[in-house]
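Participant:
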Amino acid sequence: MASSTACFMIVGRDDIPIYEAEVGTLSNKEDVAHLHQFILHAALDIAQDLAWTTSAMFLKAVDRFNDLVVSVYVTAVIHTRLMLLHDSRNDDGIKGFFQEVHELYIKILLNPLYLPGSRVTSSHFDTKVRALARKYF
250 MASSTACFMI VGRDDIPIYE AEVGTLSNKE DVAHLHQFIL HAALDIAQDL
300 AWTTSAMFLK AVDRFNDLVV SVYVTAVIHT RLMLLHDSRN DDGIKGFFQE
350 VHELYIKILL NPLYLPGSRV TSSHFDTKVR ALARKYF
């Protein structure tokens, strides 16, 4: 099942975007991309509050905007949030996507040339994230 809308973002410690990608099947219009970024950033405070109330890493749907849902996965150690704006209802697929992207992100962190908190610019990482999005959505 392919989702028509999906925007994925990794947000670092000080609410700074580390990585972002439009991974849905909708055309990648600039104004739509800005709206998606706005919705994800608006959900940051909600995700932060929920992260303190549970020990779960996958917070499921934390916010909604029209027919779009924001799902969040919070990493345990470095307070990084993996956020997905989507219109699908596939919680198991979204959780699997987050877990596999988290593993990829850990591999990036283990790279001695990567400065934690800086933007992820690896084309290999981008390709893998997009492949995982196609697999799970």
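Heads up, the sequence shown is in the working numbering, so the first residue is 250 and it goes up one at a time. Beta carbons are placed, not taken as given, at the ideal position from N, Cα and C, and that holds for glycine.
(1) Cβ atoms of residue 314 and residue 346: under 9 angstroms apart, would you say?
(2) Can you tell me whether residue 368 is buried or exposed, with buried defined as 16 or more other CB within 10 angstroms of its CB?
(3) Closest by CA to residue 259, which one among 284, 283, 293, 305?
(4) For residue 354 versus residue 329, is the C-beta spacing smaller than 9 angstroms?
(5) Pull up the distance between the alpha-carbon of residue 382 and that of residue 262, whole angstroms please.
(6) Is DSSP giving residue 264 helix, strand or coil here?
(7) Hey, which unbroken runs of the beta strand (DSSP E) at 3 residues or more fall wholly within the segment 287-333?
(8) Which whole-angstrom value describes the C-beta separation of residue 318 and residue 295, a residue pair presumed to lie in contact below a C-beta threshold of 8 angstroms?
Facilitator: On the basis of the supplied data:
(1) Start at 1 with the first residue of the sequence shown, and residue 346 comes out as number 97. Start at 1 with the first residue of the sequence shown, and residue 314 comes out as number 65. No, the Cβ-Cβ distance between residue 346 and residue 314 is not below 9 angstroms.
(2) Here residue 368 refers to the residue found at position 119 of the sequence shown. The residue is exposed, with fewer than 16 neighbouring Cβ atoms inside 10 Å.
(3) In the sequence shown, residue 259 corresponds to position 10, counting from 1. When each option's Cα is compared against that of residue 259, the closest is 293.
(4) As a first step, residue 354 is located in the sequence shown; it is residue number 105 there, counting from the start. As a first step, residue 329 is located in the sequence shown; it is residue number 80 there, counting from the start. Against a cut-off of 9 angstroms, the Cβ pair of residue 329 and residue 354 comes out as a contact.
(5) The residue labelled residue 382 in the question sits at position 133 within the sequence shown. The residue labelled residue 262 in the question sits at position 13 within the sequence shown. One C-alpha to the other measures close to 24 angstroms.
(6) Here residue 264 refers to the residue found at position 15 when the sequence shown is read from its first residue. The answer is coil: DSSP assigns residue 264 none of H, G, I, E or B.
(7) 307-314, 317-323
(8) Reading the sequence shown from its first residue, position 69 is the one you call residue 318. Reading the sequence shown from its first residue, position 46 is the one you call residue 295. Incorrect: roughly 12 angstroms between the Cβ atoms, too far for contact.
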